[in-house]
Every structure is written in C-alpha cells, then in structure tokens.
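In what follows, a single structure is set out as structure tokens and then discussed.
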Amino acid sequence: MNKYDIINLLKLGENQNVEFKLDCNNLIAIGNEVCALLNTTGGFVICGVNDGWEPIGIDNSDNQVKRLEEIFQNNLSPKAPIFISTQKVEDKSLVIIEVPKGEDIPYAFQNDIFLRVSNRTRRADIETIKDMVLRRQVEPERWERRLSLADINTDLSEKEIDAFIKAAKTRICFQLQEDTDKFSILEKFSLSKYGRLTNGGDVLFGKNPAIRFPQIRVQAVRFESDQTDDTYLDMKTFEGPLVSVLNDVFSFIQRNTPTISQFNKYSLFREDKPLYPWEAIREGLVNAFAHRDYSRFSGGIFVNVYKNRIEIKNSGRLPEGITPENLQDKGHLSVLRNPDIAHVLYLQGLMEKIGRGSLVIIKTCFDNGSPPPQWKDDDFGVSLTIYSRIIHIETSIVATASVNVQVTPEVMRFLNIMQGEMSRKDLQTRMKLKDDEHFRKAYLLPAIEAHLIEMTIPDKPRSRSQKYRLTENGRIFLSKGQI
Numbered sequence: 003m004n005k006y007d008i009i010n011l012l013k014l015g016e017n018q019n020v021e022f023k024l025d026c027n028n029l030i031a032i033g034n035e036v037c038a039l040l041n042t043t044g045g046f047v048i049c050g051v052n053d054g055w056e057p058i059g060i061d062n063s064d065n066q067v068k069r070l071e072e073i074f075q076n077n078l079s080p081k082a083p084i085f086i087s088t089q090k091v092e093d094k095s096l097v098i099i100e101v102p103k104g105e106d107i108p109y110a111f112q113n114d115i116f117l118r119v120s121n122r123t124r125r126a127d128i129e130t131i132k133d134m135v136l137r138r139q140v141e142p143e144r145w146e147r148r149l150s151l152a153d154i155n156t157d158l159s160e161k162e163i164d165a166f167i168k169a170a171k172t173r174i175c176f177q178l179q180e181d182t183d184k185f186s187i188l189e190k191f192s193l194s195k196y197g198r199l200t201n202g203g204d205v206l207f208g209k210n211p212a213i214r215f216p217q218i219r220v221q222a223v224r225f226e227s228d229q230t231d232d233t234y235l236d237m238k239t240f241e242g243p244l245v246s247v248l249n250d251v252f253s254f255i256q257r258n259t260p261t262i263s264q265f266n267k268y269s270l271f272r273e274d275k276p277l278y279p280w281e282a283i284r285e286g287l288v289n290a291f292a293h294r295d296y297s298r299f300s301g302g303i304f305v306n307v308y309k310n311r312i313e314i315k316n317s318g319r320l321p322e323g324i325t326p327e328n329l330q331d332k333g334h335l336s337v338l339r340n341p342d343i344a345h346v347l348y349l350q351g352l353m354e355k356i357g358r359g360s361l362v363i364i365k366t367c368f369d370n371g372s373p374p375p376q377w378k379d380d381d382f383g384v385s386l387t388i389y390s391r392i393i394h395i396e397t398s399i400v401a402t403a404s405v406n407v408q409v410t411p412e413v414m415r416f417l418n419i420m421q422g423e424m425s426r427k428d429l430q431t432r433m434k435l436k437d438d439e440h441f442r443k444a445y446l447l448p449a450i451e452a453h454l455i456e457m458t459i460p461d462k463p464r465s466r467s468q469k470y471r472l473t474e475n476g477r478i479f480l481s482k483g484q485i
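The sequence shown begins at 3 in my numbering and counts up one residue at a time.
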C-alpha cells in the first residue's frame, strides 16, 4: 500500500474494512480489531491517526511493528498471515496492518472471538460462534489442510525446517523452548496434525513431495525464438521443498536472460545491467507458488523464457472478484487460496504485503523501462508476462540485403574470434573470460538471439559435445567488414 492509497482511506474514514488507531500502545485492542477483520471481510488497521482522521505519526514505528508481529503470532488462533509495514504520510510514520479475509473462521484473539459490524468491532455471541463453527464443519477442507501420505519421521527435510525456524525467530521473535521438537512447531503452524503432515507441510518441507504430488513440479524452458516451439536453449524440471524450488527457478531465469554491459564514460569499470526487473520476476514467482491451485493434478507451474519476455503460468483461476483488470488498478483485498503456505512464505521474508504484489510488479517494470506486464486468466490457468526493457545503447548497425541487425561491442568482439566450430570453453579461453555467467549473458545469448551464431547440436542444447559456429547472417556480417 502506497501513501496515496492511505490518503484515500483517510478521506473515507472508518468503515467495515478500515479501523484507525491513535497509537500502538493498546496491543490488545489492536489484536481484537485484527481478529474481527479476519472473521469478516478482511481490511486494514492504520495506527497513528487521530479522531479527525489526520495522520499524527508513530514514534519508533519499526519497533512497534516487531511488537505487533510477536503478539499476533502468540495470541491469534488459528495462525493467519498478517502483514505489517510502515508508510510515511505528510512526513508522519504510520503503521499499516493488512488483514486478509480469513479462511479458517472462527479466529480468536486471546481466546475471544470478535466480529466487524459496520465500523465497529464487537465480541461474537454464542449463537454466532455456533453458526461459524457449523459452517466450517460443512465446508470442504482445503487441499493444504488434508493429510499427506508422507512419513513425518523420514520424509521431512531437516535443512528446510531449520531454515524456517531461523527465519521465524529473526522476523517475529518467535519464542521456542530449547526442548521443543520440530513436530510441535509444524503443528503450531497447522502443517501437521494427528502426528501426520498436512499436504501444505509436505509441499513446504518434504524432501521430495513430487513423489506424492506430481502436479507440484515446475518446468522451465529457455526458447531460442519468440515462439513456443521445439527449439530451446535450456530446459529443466524442478522438484523438492517449495522454497528451494522457488530459488532454483529464479536462478534458472537469471542464468537464461542476457545482461547488457556498458562502460560509463565517467568510469573505468564495466556496468552490467539485467534486461528484466528482478523484483517483478521474484514477486511473480512467489505469487504463483503461494496462490496456485495445488488440488489440480493436471496442473503445475510453467516458466517460459523467450527472447524478449518471460511468462509465468500456474494452474487454477483468479479468486472470485479479482480480474486481470483490477490487478493493474489500485490493488485489492487479498483472497488467499493457501493461507498456511502463504504464512510460511511471509515468515521467511518472501511475501511482504497482501493484495499489493501486482502493484510491485507494475512499478518495478516501469522503473526498469519495460513495457507494462500483462495478466491473463482462462480455463488453462493464470499467466503473467514480464517484458525485457527497451535498450538504448551505443551500437554498430549493419544493413544489407540479407542482414539488418544491432550488436553490442561485446558481441562484435565475440564474432571476431569465431573460427569454425568452437566449444564454449574454447570461446571463453580465447576471449580470456573466466566468469561463466557474464560470458553467457553478455556474449553468447545476445549473439544467438541476433542469429549471428548457432549451436551445432540444437536439439540437445546442454550436450557435452555442443559447439557454436557462425550462421550465414554472421558470415555476411563479417564479410562486409563491419567488425
């Protein structure tokens, strides 16, 4: 949420979804408000606003955020991902608490259940609580809460659980007694019950949950052209604990996208700039992993890297009330399909705000100089397309009857050393380049994309026998004496 969103909320005043607080001193009252919003439609608690709806600010706002995170974690049941941040309005620091609509009602704060009615919060009566419990019992259990066939004693990744506990302790001052076992921790976060892992716990912390759920595999492909075809430069299928797979897929994208290298006229050092906004790609991936429909056995996540764009596709549809159009508007109250999984991602610092991921993607694409991102929602799933930035660099331009290409100085140097068929190792040695990733992004990929060089074994891009040679265009380019 940016300051303009907050200003608009201040103008509208308190309502069903918005509550103002003068300060953060009364943590119990704030906890009651959060509980009430979880049990109704979700919303915002904004601290640092007076009775006249004017921002007055919060002292030591960062410390207040930590206090709030700790009290929600220790007193809210069942657990829910509550996102807390600070934002400056009129030079006043406000604390913003973003609350999703709860998926596990009734929620209780310190064993009391609250509801939001109009612009007021009240304690739920017995009849209302009975009705809420009954509705929960008759509604189908979420996929992530169903019991997995995994063996909780042998199928868990100790490394992943330890990383999660460490992150939770750092982020929310999560308190653990020394003798607390890992099974109790999983149960505390609704990732196990009755001594068995839930599907959500299995996806997050199982050594290889894809054995039980093939639909959680992620396929990533780097295509040579702008189209989906049989010619690709790299392809890999990822499986394992969710966060590890997320990191591996992000690394795959980084490895398969070029970097533009330039020398600033005021500096002796080369400046490498990625073509894509990494924050937007990271946000798009996290959203795909957190919000996808895991129950669809024919589903999955697919990442396609093309010459000028990246597509991230996941199974399922957008939640009711959310469309590709309002994703590009002013954000929205989040509807979490997998709140348990989302909560763990939040505690590990991978999710920050709810209902604002699309705005982060749009902003970082704009800042990068890329065209606006595009969302699509249909029966095949949800897809996000992020485009490379528009490049303005000093180049050598060649225009002949057969060739019309733009190349960077790096590619010109690269073509100059090509002799017959050469392996990647030979090329790097000839160019005296030790950094594999820099060579791939600044030299090899741009030359392939310009159709100036080609692979000798295009059907097996990762073959040990792979070599590279000039294309017909590359030979014409050189014969014209342009390099």
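Virtual Cβ for every residue (Gly too), placed ideally from N, Cα, C.
* Asked: From the DSSP output, which residues share a beta bridge with ILE86?
  -> Reading the sequence shown from its first residue, position 84 is the one you call residue 86. ILE86 is bridged to ILE99.
* **Per-residue DSSP class, three states only, for PRO276** => What you label residue 276 is simply residue 274 of the sequence shown in a count that begins at 1. PRO276 falls in the strand class under three-state DSSP.
* Any contact of the segment 297-307 with the segment 361-369, i.e. 3+ C-beta pairs under 8 Å? -> Because the criterion of three Cβ pairs below 8 Å is not met, the segment 297-307 and the segment 361-369 do not touch.
* To do: Using three-state DSSP, classify CYS367 as helix, strand or coil.
  => For the purposes of this step, residue 367 is taken as residue 365 along the sequence shown, with counting starting at 1. Residue state, collapsed to three classes: helix.
* Does the segment 460-478 come close enough to the segment 224-238 that 3 or more CB-CB pairs lie under 8 Å? -> The answer is yes - the segment 460-478 touches the segment 224-238, with three or more Cβ pairs under 8 Å.
* Considering only residues of the same chain and omitting the five flanking positions on each side of GLU412, which have a CB-CB separation below 8 Å? -> One-based indexing of the sequence shown puts residue 412 at position 410. Excluding positions up to five away in sequence, the list reads SER263, ALA444, TYR445 and PRO448.
* Nearest to GLU146 by CA position, among MET414, GLU100, LEU96 and ARG198, is which residue? -> Position 144 of the sequence shown, counted from the start, is the residue given in the question as residue 146. When C-alpha distances from GLU146 are compared across MET414, GLU100, LEU96 and ARG198, the shortest belongs to ARG198.
* To do: Pair every Cβ in the segment 285-300 with every Cβ in the segment 341-350, then say whether three or more of these pairs are closer than 8 Å.
  => A contact exists between the segment 285-300 and the segment 341-350.
* Looking only at its own chain, which residues have a Cβ that is under 7 Å from the Cβ of ALA2, when we skip the five neighbours before and after it? -> The structure shown has nothing for residue 2, since the chain only spans 3 to 485.
* **Per DSSP, cross-strand counterpart(s) of TRP1** => This structure does not reach residue 1, given that the chain is present from 3 up to 485, and the question cannot be answered.
* Asked: In angstroms, rounded to a whole number, what distance separates the CA positions of GLN229 and THR387?
  -> By one-based count along the sequence shown, residue 229 stands at place 227. By one-based count along the sequence shown, residue 387 stands at place 385. Rounded to the nearest angstrom, the two C-alpha atoms are 13 Å apart.
* Under a Cβ-count criterion, where at least 16 other Cβ atoms within 10 Å of its own Cβ denotes burial, should GLN66 be classed as buried or exposed? -> As a working note, residue 66 is residue 64 in the sequence shown. Answer is buried; the Cβ neighbour count reaches 16.
* With DSSP run on the structure shown, which of helix, strand or coil describes ALA110? -> Within the sequence shown, numbered from 1, the residue matching residue 110 stands at position 108. Taken through DSSP and simplified to helix, strand or coil, ALA110 comes out as strand.
* **Length-filtered (4 minimum) alpha helix (DSSP H) runs lying within the segment 413-460** => With a minimum length of 4 residues, the continuous alpha helix (DSSP H) runs that stay inside the segment 413-460 are 426-433, 438-441 and 447-451.
* By DSSP, does GLY302 sit in helix, in strand, or in coil? -> Here residue 302 corresponds to residue number 300 of the sequence shown, with the count starting at 1. When secondary structure is reduced to three states using DSSP, GLY302 falls in the coil class, being assigned neither helix nor strand.
* Can you say whether TYR470 is buried or exposed, counting buried as having 16 or more other CB atoms within 10 angstroms of its CB? => For the purposes of this step, residue 470 is taken as the residue at position 468 of the sequence shown. Around the CB of TYR470, 16 or more other CB atoms lie within 10 Å, so the residue is classed as buried.
* Every unbroken beta strand (DSSP E) inside the segment 177-264 [3 residues or more] -> Listed in chain order, they are 220-225 and 234-240.
* Asked: On the premise that GLY44 lies in contact with GLY50, defined as a C-beta separation below 8 Å, what is that separation, rounded to the nearest angstrom?
  -> Numbered from 1 along the sequence shown, position 48 holds the residue referred to as residue 50. Numbered from 1 along the sequence shown, position 42 holds the residue referred to as residue 44. About 21 Å separates the Cβ atoms of GLY50 and GLY44, ruling out a contact at the 8 Å cut-off.
* Of the listed residues SER390, LEU12 and SER194, nearest to TRP55 (C-alpha basis) -> Numbered from its first residue, the sequence shown carries residue 55 at position 53. Distance from the Cα of TRP55 is smallest, within the candidate group SER390, LEU12 and SER194, for LEU12.
* To do: Please confirm whether MET237 and VAL223 have their CB atoms less than 9 Å apart.
  => For the purposes of this step, residue 237 is identified with residue 235 of the sequence shown, where counting begins at 1. For the purposes of this step, residue 223 is identified with residue 221 of the sequence shown, where counting begins at 1. The answer is yes: Cβ separation under 9 Å.
* Asked: Would you call the segment 85-100 and the segment 316-333 in contact, with 3 or more CB pairs under 8 Å?
  -> In this structure the segment 85-100 does not lie against the segment 316-333, because fewer than three pairs of beta carbons, one per stretch, are closer than 8 Å.
* Asked: When DSSP labels each residue in this structure, what does LYS5 get in the three-state scheme?
  -> Numbered from its first residue, the sequence shown carries residue 5 at position 3. Residue state, collapsed to three classes: helix.
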